[in-house]
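These notes concern the structure reproduced below.
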Amino acid sequence: MNEQEALWIQKALQGDDHAFGNLVEEYQKPVFSLCYRMLGNSKDAEDAAQESFIRAYRYLKKYDPNRSFATWLLSIAAHYCIDQTRKRRLPTISTDSLPAEIISDRNAPNPEREYRQQEKEVLIQNLIDELNPTDRAAIILRYWHECSEVEISETLDLTVSAVKSRLYRARQALAKSYIESEKSKPINERRAHESPAF
Amino acid sequence: MSHQPFENWLFSDETIDPEDSEALEEHLKQCEQCLELSTALDQVFETISTAKTPEPSPGFTQRWYQNLAVYREKQQERRIWFFILGLFTLACFILLGLFFINLSNFNGSYVLAQFAANVSLFATRLNNLLKFAKSITRAFPILIPVSLTFGVGLLSVSFALMITWFSSIIRLYQPVQERG
Numbered sequence: 000m001n002e003q004e005a006l007w008i009q010k011a012l013q014g015d016d017h018a019f020g021n022l023v024e025e026y027q028k029p030v031f032s033l034c035y036r037m038l039g040n041s042k043d044a045e046d047a048a049q050e051s052f053i054r055a056y057r058y059l060k061k062y063d064p065n066r067s068f069a070t071w072l073l074s075i076a077a078h079y080c081i082d083q084t085r086k087r088r089l090p091t092i093s094t095d096s097l098p099a100e101i102i103s104d105r106n107a108p109n110p111e112r113e114y115r116q117q118e119k120e121v122l123i124q125n126l127i128d129e130l131n132p133t134d135r136a137a138i139i140l141r142y143w144h145e146c147s148e149v150e151i152s153e154t155l156d157l158t159v160s161a162v163k164s165r166l167y168r169a170r171q172a173l174a175k176s177y178i179e180s181e182k183s184k185p186i187n188e189r190r191a192h193e194s195p196a197f
Numbered sequence: 000m001s002h003q004p005f006e007n008w009l010f011s012d013e014t015i016d017p018e019d020s021e022a023l024e025e026h027l028k029q030c031e032q033c034l035e036l037s038t039a040l041d042q043v044f045e046t047i048s049t050a051k052t053p054e055p056s057p058g059f060t061q062r063w064y065q066n067l068a069v070y071r072e073k074q075q076e077r078r079i080w081f082f083i084l085g086l087f088t089l090a091c092f093i094l095l096g097l098f099f100i101n102l103s104n105f106n107g108s109y110v111l112a113q114f115a116a117n118v119s120l121f122a123t124r125l126n127n128l129l130k131f132a133k134s135i136t137r138a139f140p141i142l143i144p145v146s147l148t149f150g151v152g153l154l155s156v157s158f159a160l161m162i163t164w165f166s167s168i169i170r171l172y173q174p175v176q177e178r179g
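Keeping their order, the protein sequence lines are chains A and B.
Last residue of the first sequence: 197 in numbering that gives the first Met the number 0, with the numbers rising by one and none dropped.
Last residue of the second sequence: 179 in numbering that gives the first Met the number 0, with the numbers rising by one and none dropped.
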């Protein structure tokens, strides 16, 4: 934790909302990104990220300065998202990932490549949505937030060996689901660089 | 064909030593199933590593300040409710205390007789009231639907107030909903 952050935390503890506002500004992207990957759409991600910051503000007195603030904050967000995912009884369809909305910027250097990349991202998001909430959080923290296994164990309140086995299981599930989804794709789908005429 | 320990090496996050790595590569050349899994895993991680990071819409911090204000309002409301409930509990304790203090002078037969006298007095008064209502309605039959409407209305209002009171108590014990 840098000095500036420590100062903001100290001021926030003394009741300075703007100091905590600076922390919100600083960490809004990683928190929102985690919530988005966990919940699969922008609206729920926004609500979850806002709620996570409110909770962080509420429990700031319990924060241990010897611990990384980012890990503590991501832990609040991850637990909130895990709870939200468990509360959902029916699977939700991400409106952000509907094909019409992933059509890429036409001015991009290679629109088709861009489109395929986005299509793949949607596919991966769907595969991640199939994982159980804790495995999902572990994968997101490991590969999108580049957290170590120790950091994940601190964030999710798990042992390091539990994190390892969850990551193993999640990777296995992702690979298998990816193969299945590739097999179930329509055969007549045009391959990249293939002429539309054939 | 056995897929172990190759499958473990594929899905484990640990770095494997060069000898094991060579053995894995050899296995992948012969085993289509493991090759398929390895390729799929590579594809998944390639997509993850190149995926764009989703960002919140502009004004996130401003919205947080607004949510903080809402949260504080709810906290304030909650404190007021706790204060009212605290006062109510205190009043109940005081009444109970007074009751127990008076209990030392308790005379069972006297209290029972007084209770019976009160019940009969109440029944007599109620009977008189009903007689009076009957005489009025005989004299003015138009009053029957009016009094019925008034009675039903009064009951409905009382019922609605009771439901509101109960729901307030239930809401008070629920965790604070900071949003909306």
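Heads up, the beta-carbon is just placed ideally off N, CA and C, and yes, glycines get one too.
- The beta carbon of A/Glu179 is closer than 6 Å to none in its chain, skipping five residues each way along the sequence.
- For B/Thr49, the chain A residues whose C-beta falls within less than 9 Å of its own C-beta are Gln116, Lys119 and Glu120, listed in chain order.
- Secondary structure at B/Ser134: helix, using DSSP grouped into helix, strand and coil.
- Only Phe44, Thr46, Ile47, Ser48, Thr49, Ala50, Lys51, Thr52, Pro53, Glu54, Pro55, Ser56, Phe59, Thr60, Arg62, Trp63, Tyr64, Asn66, Leu67 and Tyr70 from the segment 44-72 of chain B bring a Cβ to less than 8 Å from some Cβ of chain A.
- Close to A/Arg170, with beta-carbon spacing below 7 Å, are these residues of chain B in chain order: Phe10 and Leu40.
- Around the C-beta of A/Glu153, 16 or more other C-beta atoms lie within 10 Å, and the residue is accordingly described as buried.
- Secondary structure at B/Asn101: helix, using DSSP grouped into helix, strand and coil.
- A/Ser51 counts as buried, since at least 16 other C-beta atoms from the protein chains shown sit within 10 angstroms of its C-beta.
- Under the Cβ distance rule, A/Ile178 counts among the residues neighbouring chain B, one pair being separated by less than 8 Å.
- A/Asp156 carries a coil assignment under DSSP once its states are collapsed to helix, strand and coil.
- Per the C-alpha coordinates, the member of B/Thr38, B/Ile83, B/Val156 and B/Lys51 positioned closest to A/Tyr114 is B/Lys51.
- Cβ proximity to chain A below 8 Å picks out Tyr70 from the segment 70-101 of chain B.
- In the three-state DSSP reduction, B/Ala50 falls in the coil class, being neither helix nor strand.
- The Cβ atoms of A/Val159 and A/Glu145 do not sit closer than 8 Å to each other.
- In the three-state scheme derived from DSSP, where H, G and I count as helix and E and B as strand, B/His26 is classed as helix.
- For A/Val159, the closest Cβ of chain B is not nearer than 8 Å.
- When secondary structure is reduced to three states using DSSP, B/Ser37 falls in the helix class.
- Within chain A, the residues placing a beta-carbon under 8 Å from that of B/Glu35 are Ile178, ordered along the chain.
- A straight line joining the alpha-carbon of B/Gly85 with that of B/Arg77 spans about 12 Å.
- Shown here for B/Leu40: same chain residues with a beta carbon closer than 7 Å to its own, the five before and five after excluded, namely Leu9 in chain order.
- At a cut-off of 8 Å, the C-beta of A/Tyr79 has no neighbouring C-beta in chain B.
- Taking all protein chains shown into account, B/Cys91 has fewer than 16 neighbouring C-beta atoms within 10 Å of its C-beta and is therefore exposed.
- By the C-beta criterion, the segment 123-136 of chain A is judged to be in contact with the segment 164-184 of chain A, since at least 3 inter-stretch pairs fall below 8 Å.
- Going by DSSP, A/Cys80 is part of the alpha helix (DSSP H) stretching over Phe68 to Lys86.
- B/Cys91 sits in a helix when the DSSP states are folded into three classes.
- Within chain B, the residues Val43, Thr46, Ile47 and Ala50 have their CB atoms less than 8 Å from the CB of A/Ile123, given in chain order.
- Flagged as an interface residue toward chain B: A/Asp16, by a C-beta distance shorter than 8 Å.
- Exclusion of the five residues before and after B/Glu6 leaves Cys33 and Leu36 as the residues of its chain whose Cβ lies within less than 8 Å of its Cβ.
- By the rule that beta-carbons nearer than 8 Å mark a contact, A/Ala55 does not touch chain B.
- For the options A/Ala5, A/Arg170, A/Ile139 and A/Glu25, the alpha carbon positioned closest to that of A/Leu155 is the one of A/Ile139.
- For the pair A/Phe68 and A/Ala48, the CB atoms are not nearer than the 8 Å cut-off.
- Here the C-alpha atom of B/Leu111 lies approximately 15 Å from the C-alpha atom of B/Asn101.
- Note that the C-beta distance between A/Tyr58 and A/Phe19 is not below 8 Å.
- Here B/Phe165 is exposed. Its C-beta has fewer than 16 other C-beta atoms within 10 Å.
- DSSP places B/Gly85 in the helix class (H, G or I) of the three-state scheme.
- Counting the other Cβ atoms within 10 Å of the Cβ of B/Leu153 gives fewer than 16, which makes it exposed.
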